[in-house]
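S.K.: Would you mind keeping the following structure in view while I ask a few things?
Number of protein chains: 2
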Amino acid sequence: MNVQEALAGYKETLEAYLDALPMKGAPDSLREAMRYSLLNGGKRLRGCLLLSSCEMLGGDEADALPFAAALEMIHAYSLIHDDLPAMDNDTLRRGKPTNHVVFGEAVAILAGDALLTHAVEIMAASGHLHVLEALREIIGAAGVGGMLAGQTLDVTLEGMAPDIGLVQKIHQGKTAALLTAPVTAGLLLAGAEESQVEAGRQYGYHLGMAFQIVDDLLDLEGDPQLMGKTLGKDREEGKLTWPACVGVEQARRDAEKHIQEAVTALAPFGEKAAFLRELAESTLHRAQ
Amino acid sequence: MNVQEALAGYKETLEAYLDALPMKGAPDSLREAMRYSLLNGGKRLRGCLLLSSCEMLGGDEADALPFAAALEMIHAYSLIHDDLPAMDNDTLRRGKPTNHVVFGEAVAILAGDALLTHAVEIMAASGHLHVLEALREIIGAAGVGGMLAGQTLDVTLEGMAPDIGLVQKIHQGKTAALLTAPVTAGLLLAGAEESQVEAGRQYGYHLGMAFQIVDDLLDLEGDPQLMGKTLGKDREEGKLTWPACVGVEQARRDAEKHIQEAVTALAPFGEKAAFLRELAESTLHRAQ
């Protein structure tokens, strides 16, 4: 199994689906702003996690695609709103001007709202047997107990003294929730049993924590060219990060530990989990 | 049937439900901002329309409540985002400072996002037989072919020469879509047939158009004390309104005509539609 090749395959299928979304009824300016952020060459990690988790248990890719697309739309909406002047005030994302720089703040706010709403429309329109279970996993992860809790703490606690408990909460909400939901939703769509969903939840949590700790480290030590955004902003703005609490070396060890636990959680799936295992391991060495 | 008394009854039930929403996992600052805009004494027209439409066909109020609450949450989110400095830049709403004035722009944006997301969570968690049909009506009305289309045109076409076709499109999206969905969703929850849902759709469209034309007129001639917001802003900002296109007198006649058509659409429901009929008629004489 070559994880990069498999990822590229999932990504291609997903990109084609996203590019073909009709967004029926959207005024041109709204559609253009939505597509600008949705089709900007991201890694598609969330969508690929969903497709691969569903495939791992023999689920149908066509059934899983609307949910994978919805996750990418929710991710894109969160980045648009996160980049706004009133939030992180970022002007560069993946090497391109952020949404509000191109379309103005008003349309950027609406494009974010629209991507979230359209994500729900697409999931609800899927005729899949397990649509409600999968939708609830995804929207719960994006909600007040998940991503929005993390975002709120991230925004309101800037400048506070480093506190590992709070950072854990922020990282879980901001990042781990939306890396867990694709796994659990993908498994549910394939008709998984409760114990399998629980194993997927553990995997997603540890993958997400490792992913965000590595993100914190890349903000300190990454290559701005590869990352496609301004680095060093976390420290400048007094963001609560993992390395700010425990130091760079310990942060690296903690990320490794989370990846070990993610891999351990995959045990019930045996050899079928090769992709998810290698994906987790590759997270430690990512440069973007 | 006293429409005001009936409205007050629905409103009380709905307010109690909204007040008791657990918003599980929300950080205090987010919950406070969400509740500030959600529990601010609005008319609850959308929620009441849903409860009464469901009741009209013998549906269960307890089943309908999550969907009525979701509509009020979606309405509250749209007002928070609409009031932002980058959008309409309003500082007063129902006689109180707007959300971003109290909580800051960042938390206001997140509170809007959270109300929309939580609305979906609440609907999806309802175990109702027709949950997906009702959810799709509501989220479709809030989406890129409904409310968000209207908002985008409203924001991007400011200052354009009055054009009745465009105003019709804006009013349909911004207002009529979210006054239609409570009717159609309420009927669907009660197990309505397709022809009944279609009659409800006609009623909601005409009610919504009349409601927004009256809103345009109140912005010109209303009592700012009763309205609880700054008036005269539409003209000042070059908003596309109905009276700006056809004059005040014709606008009043058009609103009356829409109400007549709304009432006509109720014919298939006979006497059971007394509340919806009287509600429509009272729209013409509202002062807030």
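Chains as they are written, first to last, in the working numbering: chain W, 538 to 825; chain L, 538 to 825.
Just so you know, even glycine gets a beta-carbon here, dropped at the ideal spot from N, CA and C.
This structure is a prediction, so every number in the text was calculated from the model and none was measured.
If you run the structure through DSSP and keep just helix, strand and coil, what is R630/W?
M.R.: strand
S.K.: Roughly how many angstroms separate the alpha carbons of I796/W and A713/W, rounded to a whole number?
M.R.: 13 Å
S.K.: Decide if N636/L is buried, meaning its Cβ has at least 16 other Cβ atoms within 10 Å, or exposed.
M.R.: When all chains shown are included, N636/L counts as buried.
S.K.: Given that a residue counts as buried once 16 or more other Cβ atoms are within 10 Å of its Cβ, and exposed if not, what is G702/W?
M.R.: exposed
S.K.: Suppose contacts are defined by Cβ-Cβ distances below 8 Å. Is I611/W in contact with A656/W by that definition?
M.R.: yes
S.K.: Listing by chain order, which chain W residues have their CB less than 7 Å from the CB of A623/L?
M.R.: Simply E642, A643, I646.
S.K.: Within 10 angstroms of the Cβ of V785/L, are there 16 or more other Cβ atoms? Answer buried if so, exposed if not.
M.R.: exposed
S.K.: Give the secondary structure of T767/W by DSSP, where H, G and I count as helix, E and B as strand, and everything else as coil.
M.R.: coil
S.K.: How far does the alpha helix (DSSP H) with G723/L in it extend, from its first residue to its last?
M.R.: 714-726
S.K.: Just to make sure I have the definition right: I need the residues of chain L whose C-beta is within less than 7 Å of the C-beta of V734/W. Which are they?
M.R.: The contacting residues do not exist; V734/W stays about 17 Å from chain L at best.
S.K.: Against Q688/W, what residues of chain L qualify as contacts under a CB-to-CB distance less than 7 Å, listed in chain order?
M.R.: Those within 7 Å of Q688/W in chain L are L647.
S.K.: Which of helix, strand or coil does DSSP assign to D700/W?
M.R.: If DSSP states are grouped into helix, strand and coil, D700/W belongs with coil.
S.K.: Measure the C-alpha to C-alpha separation of V692/W and A645/L and round it to an integer number of angstroms.
M.R.: Those two C-alpha atoms are separated by around 12 Å.
S.K.: In whole angstroms, what is the alpha-carbon distance linking S819/L and L544/L?
M.R.: Each residue's Cα considered, the two are about 12 Å apart.
S.K.: Residues of chain W with CB under 7 Å from P603/L, in chain order?
M.R.: Result: empty, since nearest Cβ-Cβ is about 13 Å, beyond 7 Å.
S.K.: Helix, strand or coil: how does DSSP classify T635/W here?
M.R.: coil
S.K.: Chain W beta carbons: is any one of them nearer than 8 Å to that of M697/L?
M.R.: Judged by the 8 Å Cβ criterion, M697/L is not in contact with chain W.
S.K.: From this set, E609/W, L757/W, G664/W, which residue's C-alpha is nearest D597/W's C-alpha?
M.R.: G664/W
S.K.: In chain order, what residues of the stretch 652-663 of chain W put their CB closer than 8 Å to some CB of chain L?
M.R.: For the stretch 652-663 of chain W, the set of residues with a beta-carbon nearer than 8 Å to any beta-carbon of chain L comprises L653, T654, H655, V657, E658, A661, A662, in chain order.
S.K.: Go through its chain and collect everything with a Cβ distance to Y554/L's Cβ below 6 Å, but skip five positions before and after it.
M.R.: Only L602, A606 meet the Cβ criterion.
S.K.: Under 8 Å Cβ-Cβ, which residues of chain W neighbour S566/L?
M.R.: Under the 8 Å cutoff, chain W gives T689, T693.
S.K.: Output yes or no for whether 8 Å exceeds the beta carbon distance between A817/W and V800/W.
M.R.: Result yes, Cβ atoms of A817/W and V800/W sit closer than 8 Å.
S.K.: Reducing DSSP to helix, strand and coil, say where S589/L ends up.
M.R.: helix
S.K.: Answer with yes or no whether the minimum CB distance from I914/L to chain W is below 8 Å.
M.R.: As shown, chain L starts at 538 and ends at 825. That puts residue 914/L outside it, with no answer to give.
S.K.: Do L803/L and A810/L count as a contact pair if the criterion is CB distance below 8 Å?
M.R.: Closer than 8 Å, so yes.
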